[in-house]
Structures are given as structure tokens and as C-alpha cells.
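Throughout, this note's numbering is defined as the position within the sequence shown, counted from one, plus 16. Ideal Cβ positions, reconstructed from N, Cα and C, are used throughout, including at glycine. Keep in mind it's a predicted model, so treat the numbers as computed, not measured. Structure first, commentary second.
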Amino acid sequence: MAPRWPPAWSAWASSATSQPRADDRERAPVRTLIAGGGTGGHLTPALAVAQALLDSDPGGEVVVVGRQGGVAEQLVTDAGVKLEALEISGVDVTRPGSVARAAAKLPGATLSARRLLRRMQPDVVVGAGGYVCVPVVLAAFARRVPVVLMEQNAYPGRATRLLARRAFAVATSFSTTQRYLDGAHVVETGNPLRKSVLMRRGAPLSDACRHILVTGGSQGARRINRAIAGCARELLEQHDQLRVTHQCGMLDFDEMQRAAAQLPDDLAPRYHVARFFPDLALRIAAADLVIMRAGGSSLAECAALGRPMILVPYPHAGGHQAFNAAPYVHAGAALLLDDEVCTPARLGAEIGRLIRDQHRWHAMAEASLQMGRPDATERVAELIGDAVHARGRRRVPA
């Protein structure tokens, strides 16, 4: 039986410069299972890859396995991709009992994942990170289905560290990640980007810093939320053309709405707060400065669009976001503000300095653009194709 192999992956990305490989031929459609989630940072690159695979192989099938409900389900549904829900708990070491609850659910989740793999019989499984991917990837190992892992962070998460050695390959966003994954096949690809981001690459900056985007990711960031809410009035009063767009997440939305309602009538129209922006790429492209945490996916999108950043890394989870921020700060694409000093006064002062220093602001934008990896989605898709091809050579019974 001839191995399944997708059409040329490179046809998807208009920015791609590589030519189709000699062995890219029309073959049977490919079934791909992508597992991951918990946060938008895991799902965003997963959906970028899903979109690429569906565009390049219209007869193929892509299913995303994740948690049902909330932002995760909205992201998958909006992308037009089928979602299979899996019941599993994440691990939060700061909460008593979290590890025990997650461990208790893992066997059942793995059994459910094995049933899903028997039903779908995928040609390849992609682990996009997060706790959801663990039972699915374990089930894939048991059924000898090839696995490609995606790691968005410079310091790999628990799931990647656990699963990497048995995977066909680990696609990483940072060159430094390899040092933490001994024995794994690591390929630095960059972080996959959605088509909506790539379409806006090259969107020009304004001639001055007039529009600030503040985002704490899909879940929000309380420290950033309160800092920007506390300095917004002074900034808007001092800079009469400044606008602030603020994605605050679900938990702080009511508090941020109350803060916005206290602005004078002449300032309020220039401060917009929302729980979540499904079109975040459009918001980034429209911004002149982005203030955010240092998640791998958000960094990749800002760099692809050449936007300067003020980064406030999440201080927990082993401090992995500080590792993410470091190369961007070193390259001059971002300013670093530690979480404990992200006060209204300090954040307002940093923003004000950048607004006044246009030379530095432009230099940061140029450095950010140089950090971008517009070919990342294509490169990950090629790795997935390689995994399918390798399985075809050693074809095993489903």
C-alpha cells in the first residue's frame, strides 16, 4: 500500500521561497490529529499549522484535541477546525492537590485518547504543548503513530520534556531550547504563524507612537491590567493623539470597565477595554507599541509584524517567560519590566519615554522585524510531512 503523503506544503505560504521537493507527489489525503491547549499560546500555533495543512491538502482531515468551553473552544471554532474534547486537568504547582488531580485523570484521558486514535487512525499526531497533549501523545506512542512536538518557549514545558525523546521531532522557536532536550531530535523552525499575521507582515508603523496595545494573553494579566489602568489617564492627558486598546481577559474585565468609566468624557473614547480579541493579529498590526507578557506565540506574532514591545514576563511557571524575553531584549526589540516593578508610575514612565524618543522607538521596531520568522509555519508543516513519509517507509498496521 502506497504511503500517504500530502501535496507540496510550500504552496500554502505566499511568502515561501523554497521549491517543492522532488518526492512531493499527489497522494492520498493525510489525517492529522493536533493535541494541545489550555491557553491561547498553545492553540494559536496549533491552529496556524491546522490551517496550513487544510489549505495545502483540501481532502485531508485535521482534528484538534483540546478542552471544551471558554476561549479555547472559541479559537478552534472560529478557525473552522473540528474540535474533540478531552477531560483532563492542568498542573498548577501553586495550588494544593493540583498534581494529584491531574495524575488521577491521566489514565482515563489516555484511554479516551486511545479510543480516539483507533477511531480516527491518524497518519501523524502533533503535540502543541500543554497538559492536553500528554495523553494523546502517549496514546500515539502506544499505537506507533509518529509524533511531532511543537515547543513555543525557550525553556520547554513539562509536556515537551516528558515526551521529546520518543517523538519523531521537536519543532522549537528558540535555538537555546535544544540544550534542555538531550536525546531528542530538535529542529529550530520558529513559532508557527497564522495566515492573518503573515498577510499583515510589512504593515507600516505610524510616523509617531500613537496607538498602544496592551494584552495579557487569552487569560489576562492582573499586574499589567492594573498598571495600565492606573496610568492611562495621565498618559492620555499628556499625549492628546494617544489611543490605548486593552485586552484584559475574563477575570479582571469588570474591574477594568469600572476604571475606564472613571475617565473624563474627553479621554474615554481613546481607551478601549475588552475581554478578548479574536482578531489579535489585526490589533497588533494596528498598534505602534505592544505591552504584554512574554509568551512565545505573542512574541513571534509581534516580531513578524515588526512591533516594538514592553515585556512583563509572567514570574511563575519556573520563570520560563524570562527566557523567552531575553533574546528580544538583547536584540533591542523590547524593553523588559519585571513583574514586581510593573506599577502604574513605572509603566507610565516607560511608555512616555518611548513616545518622546522616536529614534529609539523606530530602532526597536526594526529590531523586532528582524527577529520575525515568517517561514515558521511552512517549516513545521514540512516536518509533519517528513514524519508521515517516515511512517510510510516502515508502514505498520493501524
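Whole-angstrom distance between residue j and residue i, CA atom to CA atom
i      : j      : result
Phe157 : Arg195 : 24 Å
Leu127 : Asp354 : 42 Å
Ala319 : Leu385 : 5 Å
Asp39  : Ala51  : Annotation note: pLDDT 48 at Asp39 (below 50); position unreliable, no value reported.
His227 : Phe292 : 18 Å
Ala154 : Asp402 : The sequence given here has Leu at residue 154, not Ala. Roughly 20 Å between the two C-alpha positions.
Arg216 : Val260 : 20 Å
Leu209 : Thr393 : 6 Å
His378 : Thr55  : 31 Å
Leu327 : Ser314 : 11 Å
Phe190 : Leu251 : 35 Å
Glu103 : Pro74  : 30 Å
His336 : Ala310 : 9 Å
Ala129 : Val345 : 40 Å
Gly236 : Glu271 : 12 Å
Leu363 : Ala406 : 51 Å
Met166 : Ile400 : 11 Å
Gly53  : Ala144 : 7 Å
Glu253 : Ile367 : 13 Å
Ala397 : Pro280 : 50 Å
Asp268 : Ser234 : 12 Å
Beta-bridge pairing of residue i - partner residues as DSSP gives them
i      : result
Gly143 : Ala51 and Leu165
Thr261 : Leu229 and His288
Val306 : Leu229 and Met325
Lys98  : Val79
Delimiting residues of the alpha helix (DSSP H) encompassing residue i
i      : result
Val150 : Cys149 to Ala158
Leu60  : For the record, residue 60 in the displayed sequence is Thr; it is not Leu. Unbroken alpha helix (DSSP H) run through Thr60: Gly56 to Ser72.
Gln273 : Phe269 to Ala277
Val213 : Lys211 to Leu214
Glu382 : Gln374 to Met387
Leu315 : Gly312 to Ala320
Residue i - containing beta strand (DSSP E), residue span
i      : result
Gly82  : Glu77 to Gly82
His346 : Run containing His346: none in the beta strand (DSSP E); it sits in the alpha helix (DSSP H), His336 to His346.
Ala290 : Tyr287 to Ala290
Leu352 : Ala350 to Leu352
Reference residue i, options the options, closest by Cα
i      : options                           : result
Arg395 : Asp256, Asn169, Ala64 and Val357  : Ala64
Gly206 : Ala170, Arg177, Arg174 and Ala224 : Ala170
Lys98  : Asp73, Ser72 and Gln67            : Gln67
Pro421 : Ala180, Ser72 and Glu77           : This structure cannot speak to residue 421, because the chain is shown only from 17 to 414.
Leu351 : Gly334, Pro329 and Val79          : Pro329
Ala88  : Asp373, Glu398, Pro294 and Ala316 : Pro294
His255 : Ala297, Ala341 and Ala365         : Ala365
Thr231 : Ala290, Pro162 and Phe339         : Ala290
Gly388 : Val357, Pro324, Ile400 and Phe339 : Pro324
Cys247 : Ala303, Leu267, Tyr287 and Pro45  : Tyr287
Pro61  : Pro45, Arg47, Ala95 and Ser72     : Ala95
Gln278 : Ala245, Ser212 and Arg299         : Ala245
Asp391 : Gln263, Ala187, Ala333 and Ala44  : Ala187
Val148 : Arg83, Ala381 and Arg369          : Arg83
Arg239 : Arg159, Ile307, Gly322 and Arg135 : Ile307
Leu312 : Asn340, Asp223 and Gln90          : With the sequence shown as reference, residue 312 is identified as Gly, and Leu is not the correct amino acid for it. Per the Cα distances, Asn340.
Pro331 : Leu321, Cys358, Asp281 and Ala347 : Cys358
Arg131 : Arg372, Val81 and Thr176          : Val81
Asp223 : Arg182, Pro343 and His375         : His375
Local conformation of residue i per DSSP, three classes
i      : result
Val92  : helix
Val202 : strand
Ala187 : strand
Leu425 : It is not possible to answer for residue 425, since the shown part of the chain is limited to 17 through 414.
Ala237 : coil
Ala125 : helix
Ala170 : coil
Cys358 : coil
Val46  : coil
Glu103 : coil
Ala224 : coil
Asp391 : coil
Gly368 : helix
Tyr196 : helix
His405 : helix
Arg217 : coil
Gln137 : coil
Ala38  : Low local confidence applies: a pLDDT of 43 at Ala38 is under 50, so the model's placement there is unreliable, and no value is given.
Leu363 : helix
Leu296 : helix
Glu398 : helix
Leu283 : coil
The ligand ADP heavy atom lying under 7 Å from the CB of residue i
i      : result
Ala158 : As far as ligands go, the structure on display features none, and thus does not contain the ligand ADP.
Closer than 8 Å to chain C by CB, residue i
i      : result
Val148 : Annotation note: the requested chain C is absent from the structure, which comprises a single protein chain.
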